[in-house]
Structures are given as C-alpha cells and as structure tokens.
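Below is one structure, written out as structure tokens; the observations come after it.
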Amino acid sequence: MGCFSCCAADGDEIRNSLKKNKDNKTPTTLDSFVKNISFKSDASKHRLIAAELLKAGKGNIAAKTFTFKDLAAATKNFKPECLVGEGGFGRVYKGCIESINQVVAVKQLDRNGLQGNREFLVEVLMLSLLHHPNLVNLIGYCADGDQRILVYEYMPLGSLEDHLLDLPAEKKPLDWGTRMKIAQGAARGLEYLHDTANPPVIYRDFKASNILLDEDFNPKLSDFGLAKLGPTGDKSHVSTRVMGTYGYCAPEYALTGQLTTKSDVYSFGVVFLEIITGRRAIDTARPTNEQNLVTWAQPLFKDRRKFTLMADPLLEGNYPIKGLYQALAIAAMCLQEEASTRPLISDVVTALEYLAVPKTDEESSKNTSNCPSPDRNNDGDLEGDVRSQGNEDDEDEEQ
Ligand SMILES: Nc1ncnc2c1ncn2[C@@H]1O[C@H](COP(=O)(O)OP(=O)(O)OP(=O)(O)O)[C@@H](O)[C@H]1O
Ligand SMILES: [Mg+2]
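Going by UniProt numbering, the sequence shown opens with residue 1, and the numbers climb by one from there.
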C-alpha cells in the first residue's frame, strides 16, 4: 500500500549516529538500555538475557533510539492508511523518518506485559549483533514510557505469505524460479545464524510471514524476538519453553522443549513445502486429512506418481520436473522425524544453489511439465532420494 514517498535515498549509514534530544536519552550502556525497557519485576532477568547476548557481541547497541513523537510524525500519527500489516504482537506501519531520509516499517507492539517486553529486548539486541543480506535491518527502536516500537528497513513486497498463500484472484502467483530464489536466500539467512554467528543462533520462528521481500524478491528473515543463543560447550541442545508457531515446530521441540539448530531445519522444510505446494502449514478450511501440510505430504513423498500432485496448481505445470523432484527431496529430508537425520542448513543451501540457478529457455522447456504424468520422467535417482525419506527401514545418516 502506498503511504507517502518522501524518501528517495536509502542505505544511509545510521549505525551509531545516535542523537540525543531533551526528551530522549540514548541508552549507551547495558544498564540504561535494560532499565529503559524493563518493568521493575523482571529487570534482573532482562539484565541476564541482555548480558548473555551482549557478551556475544562487542557490547554495542547499534540501533538508533527514536522518540514516540518521531515515530508518530513518521507514520502520520499511526494513520490507518499507513498500516501495512498486523501480527500477533502488534501493527506494522509504513513511514518515513525525515531526519534520516528513509522509508521505514514501524512495528508498534501491543502492551502485553512481560513476554512482549522480553521479545522486544531480544529483538533489539539480536538484530544489533547480527548483520547479513538475508536478515532484515533494524534501524532503531522507541521505548518511551510503556511504548515498545521497532523501526526496520521497509520491505516493499511485504512477506512471502502475502505472495504465496490464499492469493487474491488478481495477484500474480510466484513463478518457480522466484520460489527457489526465495527458498535459497532464506536458507542462507539461517545458515548465517547457525554457522557464522558465534555462538550459533536458533531462530525459532521460521515461517512464511517472517520472510520479507525486497523489490527484487530477495528474502530477509524478520522477527528475532523468539531467537535463542544455541548450545555451547558439550551441550547438544538448549532447553526452553515451547514457543513458535503451530504447524512449523519440529516434533521433538514441541514434545520436549529441546531446541537445536535442527528445529529450524524442520521449520525450513515446512516453509519449503508451502513454497512448492502453495498450501498453508495448517489450513482448517481443507478436508481433515489435508489440514496439516506435513501429514498430508508424508505418504505422497513415498509415491513418485504423486509428485506432480504436490506442485502448486497456480504454477499451471510451469516448473522443471527434475527441479520439482529435487525440491521435494530436500523438503522431505528437512522434515525427517529424527532431528539427527535432517541435513545441516549449509547442506540445504548447497542443494538449493543448483535449483535456484535460472534455467535457459531451452533447458526449461525441455524439463517443464505441462502433462501431469510423472511416469514420463525416468529420473530414478531423484525418486530414490525422496522415497528414502519416508522409509523407516533406511539407515539414518548422522549429520
Ligand atoms: N519491515 C517490513 N517491511 C514491510 N512490511 C513489513 C515489515 N515487517 C512486517 N511487515 C508486514 O507486516 C505484517 C505483519 O508482521 P508481523 O511480524 O507483525 O506479524 P506476522 O509475522 O504476520 O505474525 P506473527 O505475529 O504471528 O509473527 C507482515 O506479514 C508484513 O506483511
Ligand atoms: Mg512477523
């Protein structure tokens, strides 16, 4: 939705350009930052969380602070016309901050007590420490009084969910190549969190609505409020309360609260299956046996004649059949019940690199299926790949 277009320039270096003004003290120390956003009753707990996170970085909170007045001006007083989305924790507005000449997304969290406060703190700290082309950039925040507002770079195409699931009739569905590009970029974002961040970060909320898209459909992960630092030392997992979104949670995490990077790999598998099928992880509007996407897909993974039935009907057969088989193989591997047998996200990135390469016209027309007859294809090795994921007798490969 167009709000107003006052800011042509973007990419300005805003880090550390902290300005002070009379009603806005810049929290440059950990103590003042935590104090600013904590209720009295949970301040010490928040200090622990913040100390743990800041130990992992250089102790800097790079995000800029804004006053409520700044953000009210940026969003024309949170005008309904500027509203671009609404999630479980609050509303998201498009705005423009004149002092930095930048179009932004302003997320005003509902004032829902302790949990919202904790997530706000984790989000600000995590996004201050983590920087990658496939993670959304946090420009700043406002913690005036009981306000909790996050200011992000504005992602003009919204979320993957907006382009994939329950599309209005007039909206053009994503083509196969764009779907693979989005999957690859999102996997790269996870790879950065798991393999480059030190200690590793478990994202915990990988889902279509948290994958935002820039003007070229490059994906960026958003919403780090649930993220956790991964296990350190000899520990294989972190134990935590089960959070996240039903339908995307790995089974072992949902059952025991034991969290590893493989829980994110499972959630990636669910989203990748949504990307391939155009179906929601949980869709109560479908017949009972189709409401849970993974439960619906598991028997189909074992029968190659059913593979083309899994492709999103909105693709109208315009996908490379070999690419579909490979994509389903990757999804099935990520969705294995046993966490240790799921691939590492770096392996997924490598596998997706091939799928996301744009094909020449000749190559794609050779491979594209407009005829739903999988028997036409004799790609035996790929069939084996997918089938083995559902076969309980197969030997598990320790990652
Ligand atoms: N940085 C951004 N740029 C542009 N649009 C955004 C941005 N952040 C969020 N949005 C839009 O706002 C919507 C709501 O986002 P939000 O993160 O609040 O909730 P959600 O992810 O949909 O749900 P949940 O609260 O369950 O996580 C998104 O789906 C997206 O369309
Ligand atoms: Mg979100």
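All residues carry an ideal CB built from backbone N, CA and C; glycine is no exception.
Own chain partners of residue i with C-beta closer than 6 Å, once the 5 adjacent residues on each side are dropped
{"i": "S222", "result": "V136, N210, L212"}
{"i": "A356", "result": "M180, K181, Q184"}
{"i": "G247", "result": "A281, I282"}
{"i": "W296", "result": "E290"}
{"i": "A351", "result": "I330"}
{"i": "residue 480", "result": "Look at the range of the chain in this structure, 1 to 399, and you will see that residue 480 is not part of it."}
{"i": "D162", "result": "none"}
{"i": "K366", "result": "In this prediction, K366 scores a pLDDT of 49, lower than 50, which makes its location untrustworthy; the coordinate-derived value is nonetheless stated afterwards. Closer than 6 Å at Cβ, skipping near neighbours: no residue."}
{"i": "N218", "result": "G185"}
{"i": "E191", "result": "I345, S346, V349"}
Residue j beta carbon less than 8 Å from that of residue i
{"i": "V124", "j": "A63", "result": "yes"}
{"i": "V271", "j": "A327", "result": "no"}
{"i": "F66", "j": "V151", "result": "yes"}
{"i": "I345", "j": "S263", "result": "no"}
{"i": "A187", "j": "V294", "result": "no"}
{"i": "K79", "j": "M155", "result": "no"}
{"i": "I139", "j": "Q108", "result": "no"}
{"i": "I149", "j": "V84", "result": "no"}
{"i": "D214", "j": "L157", "result": "yes"}
{"i": "N134", "j": "G95", "result": "no"}
{"i": "L193", "j": "P200", "result": "yes"}
Near ligand 2: residue i beta-carbon under 7 Å from a heavy atom
{"i": "G87", "result": "yes"}
{"i": "S236", "result": "no"}
{"i": "S267", "result": "no"}
{"i": "S346", "result": "no"}
{"i": "S239", "result": "no"}
{"i": "V340", "result": "Correcting the residue type first, residue 340 is Ser in the shown sequence and not Val. No, the Cβ of S340 stays beyond 7 Å of every heavy atom of ligand 2."}
Contacts around residue i, its chain only, beta-carbon distance under 7 Å, and the 5 residues preceding and following it disregarded
{"i": "G343", "result": "A quick correction: the sequence has Pro, not Gly, at residue 343. Closer than 7 Å at Cβ, skipping near neighbours: V265, M333, C334, Q399."}
{"i": "L164", "result": "L174, A208, E274, I275, G278"}
{"i": "E337", "result": "P251"}
{"i": "D195", "result": "S346"}
{"i": "K76", "result": "C82"}
{"i": "A197", "result": "L130"}
{"i": "M243", "result": "R204, L226"}
{"i": "D234", "result": "none"}
{"i": "I97", "result": "D70, A74, V104"}
{"i": "A254", "result": "V242"}
Own chain residues within Cβ distance below 8 Å of residue i, not counting five before or after
{"i": "A169", "result": "none"}
{"i": "D146", "result": "R111"}
{"i": "Q291", "result": "I282, D283, T284"}
{"i": "E86", "result": "V92"}
{"i": "L382", "result": "Caution is warranted here: a pLDDT of 35 is assigned to L382, below 50, making its placement in the model unreliable, and the coordinate value is therefore given only provisionally. The residues are K322, Y325, Q326, A329."}
{"i": "F120", "result": "I37, L109, Y141, A143, R148, L150, G225"}
Residue range of the beta strand (DSSP E) that includes residue i
{"i": "K107", "result": "102 to 109"}
{"i": "Y325", "result": "Looking at the DSSP string, Y325 is not in any beta strand (DSSP E); the run it does join, the alpha helix (DSSP H), is 321 to 334."}
{"i": "I139", "result": "138 to 142"}
{"i": "L212", "result": "211 to 213"}
{"i": "K345", "result": "What sits at residue 345 in the sequence shown is Ile, not Lys. Unbroken run through I345 is the alpha helix (DSSP H), 345 to 355; no beta strand (DSSP E)."}
{"i": "K220", "result": "219 to 221"}
{"i": "G225", "result": "G225 -> no beta strand (DSSP E), and no H or E assigned at all."}
{"i": "R91", "result": "90 to 97"}
Contact test: residue i Cβ vs ligand 1 heavy atom, cutoff 7 Å
{"i": "S223", "result": "It should be noted that the sequence gives Asp, not Ser, for residue 223. Yes, the beta carbon of D223 sits closer than 7 Å to at least one heavy atom of ligand 1."}
{"i": "G158", "result": "yes"}
{"i": "K107", "result": "yes"}
{"i": "Y152", "result": "yes"}
{"i": "L212", "result": "yes"}
{"i": "S128", "result": "no"}
{"i": "T245", "result": "yes"}
{"i": "D162", "result": "yes"}
{"i": "G185", "result": "no"}
{"i": "V84", "result": "yes"}
{"i": "S99", "result": "no"}
{"i": "V92", "result": "yes"}
{"i": "V136", "result": "yes"}
{"i": "S209", "result": "yes"}
Limits of the alpha helix (DSSP H) - the one that residue i falls within
{"i": "V242", "result": "Looking at the DSSP string, V242 is not in any alpha helix (DSSP H), and its letter there is neither H nor E."}
{"i": "E161", "result": "160 to 164"}
{"i": "Y253", "result": "251 to 256"}
{"i": "Y266", "result": "261 to 277"}
{"i": "E191", "result": "176 to 191"}
{"i": "L71", "result": "68 to 74"}
Residue i: CB within 7 Å of a non-hydrogen atom of ligand 3
{"i": "M155", "result": "Among the ligands modelled here, namely ligand 1 and ligand 2, ligand 3 does not occur."}
(message) Measuring CB atoms only, is the region 170 to 189 touching the region 267 to 287, in the sense that at least three cross pairs come out at less than 8 Å?
(response) yes
(request) Inspect the CB distances between the region 224 to 233 and the region 301 to 311 and report whether three or more fall short of 8 Å. (result) no
(message) Quick check: the region 253 to 262 against the region 236 to 245, are at least 3 beta-carbon pairs closer than 8 Å?
(response) yes
(request) Inspect the CB distances between the region 126 to 142 and the region 81 to 91 and report whether three or more fall short of 8 Å. (result) no
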